[in-house]
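To start, the structure under review is shown below, and the notes come after it.
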Amino acid sequence: MIRNILFPVVAISFLLLGCKSSKKATLAEDNIKEYLTYLASDELEGRKTGTQGIEKAAVYIEDVFKKSKLKPYYQTYRDSFSFIGKTGYNLIAFQEGTDRKLKDEIIILGAHYDHIGRIREAIGSDDIANGANDNASGTAAVLALADYFAKQPTKRSLMFVLFSAEEEGLLGAKHLAQRLKNEKANIYFVLNYEMIGVPLPHNVYTAYLTGYEKSTMAKEFNMGQEKPLLGFFEKEKSFQLFYRSDNFPFYEALNIPSHTLCTFDFSNYEYYHHVNDELDQLDIKHIQNLVQATIKQLTRIGNASERLIKLH
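Structure below.
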């Protein structure tokens with residue numbers, strides 16, 4: 001979710017490689033559906049941080065990374081942190097860039113994989129908030145991106161991060177942002193995927209970008225698009241969305257471009273933090289198309305000779 005909104009609310013990515021082949025590589029819709037089917041299943045009991053359910057999700061995500069032949073960024077895929085007597089795990093895979101110099105610059109593609117678990121008052125007989133849109137959709141996007149770029153690396157390095165404890169106050173993102181700051185990691189920018197499971201109810205742009213005016217990210221992602229890929233959402237400022245998702249700790253700690261991409265506009269999905277936030281409510285083809293559309297721009301930006309994404 002986009003953190004701490006009181007309305008039924010909340011708080012991106014990719015296609016082709018132009019390297020050694022002229023053929024367009026596309027994402028498999030079946031893979032995205034497979035990720036979503038497991039991550040939003042009752043078996044995971046709503047993926048609340050500190051539970052057996054989210055542990056199952058973590059093991060599943062690690063298996064996806066292993067099958068994609070991606071290395072951990074640290075000694076293992078798990079970046080652990082403690083809070084109120086519990087342990088949370090960010091999950092991090094890494095694809096080193098192909099250019100001797102540019103590989104030192106790291107692009108982070110992230111999403112939170114936790115949700116709220118079981119609710120106090122069941123609706124009918126169902127008390128499991130499976131969080132299909134919030135945020136199995138974003139998690140599936142990052143897994144699809146990880147699998148794609150494992151086969152089609154860019155000149156710059158890519159870090160694929162699934163954050164935990166977003167629902168507890170962005171705790172996983174805060175921990176990792178501070179850790180990377182302490183390590184003086186050369187992070188270029190962060191793109192966070194949040195609630196992308198259903199399309200926007202208009203055809204003006206495909207997704208909105210929080211903190212739209214803070215960097216050149218939207219401009220670069222819209223380059224060469226017939227319809228803008230990323231747009232400005234009027235309610236974003238009044239709802240303080242830039243500050244309520246996992247992008248913000250990186251902007252605050254590292255002073256870098258760091259944004260969230262989202263297609264939930266408070267009117268197009270009624271099951272926020274609800275037991276009916278289920279797989280059958282999502283538009284998987286929309287998710288696939290959104291991820292493919294961003295792949296093209298991530299490839300261009302990741303291979304560019306200079307930094308195209310800059311703070312204003």
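Mapping of the sequence shown onto the numbering used here: position 111 corresponds to residue 111, and the numbering continues sequentially without gaps. All residues carry an ideal CB built from backbone N, CA and C; glycine is no exception.
Inter-residue Cα distance where the pair is residue i and residue j
i      : j      : result
Leu16  : Ile123 : Any answer about Leu16 is weak, because its pLDDT of 36 lies below 50 and its placement is not dependable; what the coordinates show is given next. Distance between the alpha carbons of Leu16 and Ile123: 43 Å.
Ala93  : Glu234 : 34 Å
Glu194 : Leu171 : 16 Å
Glu183 : Ile108 : 15 Å
Phe163 : Ser82  : 14 Å
Asn222 : His112 : 25 Å
Lys347 : Asn135 : Because the chain spans 1 through 312 in this model, residue 347 falls outside it and cannot be assessed.
Ser21  : Ala132 : Residue placement at Ser21 cannot be trusted, given a pLDDT of 38 that sits under 50; what the coordinates show is reported in the next sentence. Approximately 35 Å, taken between the alpha carbons.
Cys19  : Ala185 : Unreliable placement is indicated for Cys19, whose pLDDT of 40 sits below 50; no coordinate value is reported for it.
Leu290 : Ser258 : 19 Å
Tyr188 : Asn268 : 32 Å
Gly197 : Thr263 : 7 Å
Lys310 : Thr294 : 18 Å
Tyr35  : Arg100 : 34 Å
Phe250 : Glu121 : 36 Å
Lys237 : Thr210 : 8 Å
Leu180 : Asp277 : 33 Å
Lys23  : Gln95  : Any reading at Lys23 must be qualified, since the residue scores a pLDDT of 43, below 50, and its modelled position is unreliable; the value itself is stated next. Those two C-alpha atoms are separated by around 22 Å.
Ser137 : Tyr243 : 20 Å
Tyr271 : Asp280 : 12 Å
Ser305 : Gly224 : 18 Å
Gly50  : Gly231 : 36 Å
Leu70  : Asn90  : 16 Å
Asp63  : Leu261 : 26 Å
Asp104 : Thr98  : 10 Å
Asp283 : His273 : 18 Å
Leu308 : Leu200 : 27 Å
His312 : Ser68  : 36 Å
Asp79  : Leu176 : 8 Å
Tyr77  : Gln178 : 18 Å
Ala218 : Leu143 : 22 Å
Leu229 : Glu29  : 20 Å
Val190 : Glu252 : 12 Å
Phe239 : Gly169 : 16 Å
Ile61  : Ile119 : 24 Å
Ile32  : Gln75  : 27 Å
Ile128 : His202 : 31 Å
Phe65  : Leu145 : 11 Å
Thr37  : Gly53  : 14 Å
Asn130 : Leu241 : 23 Å
Asp265 : Ser245 : 15 Å
Anticipated Cβ contact below 8 Å, residue i with residue j, distance rounded
i      : j      : result
Ile116 : Glu167 : 5 Å
Ala165 : Gly88  : 4 Å
Ala173 : Ile287 : Wrong, their Cβ atoms sit about 22 Å apart, outside the cutoff.
Asp126 : Val275 : 4 Å
Asn247 : Asn192 : 4 Å
Leu27  : Gln292 : 6 Å
Tyr205 : Lys227 : 7 Å
Paired residues, beta bridge with residue i - DSSP
i      : result
Arg78  : Leu91
Ala111 : Leu162
Ala72  : First, the residue type needs correcting, since residue 72 is Pro and not Ala in the sequence shown. Paired residue(s): Ala93.
Asp99  : The partner list for Asp99 (beta bridge, DSSP) is empty, contrary to what the question assumes.
Lys310 : Lys310 is not bridged to any residue.
His259 : Leu191
Asp126 : Ile123
Phe83  : Lys86
### Message
Measuring CB atoms only, is the segment 38-47 touching the segment 56-69, in the sense that at least three cross pairs come out at less than 8 Å?
### Response
With the cut-off at 8 Å, the segment 38-47 and the segment 56-69 touch.
* Given 8 Å as the limit, is there contact between the segment 298-312 and the segment 152-162, that is, 3 or more CB pairs closer than that? -> Contact between the segment 298-312 and the segment 152-162 is established, with three or more Cβ pairs separated by less than 8 Å.
Exercise. Go through the segment 161-210 residue by residue and report every complete run of the beta strand (DSSP E) that reaches 3 residues or more, in order.
Key: Correct list: 187-194 and 207-209.
Margin query: Quick check for students: name the residue ranges of the alpha helix (DSSP H) that lie wholly in the segment 20-65, counting only runs of 4 or more.
Written below: Those alpha helix (DSSP H) runs which fall completely within the segment 20-65 and span 4+ residues are 29-39.
Note to self: Would you call the segment 209-229 in contact with the segment 146-153, where contact means no fewer than 3 C-beta pairs closer than 8 Å?
What the structure shows: Counting Cβ pairs under 8 Å, fewer than three are found: no touch.
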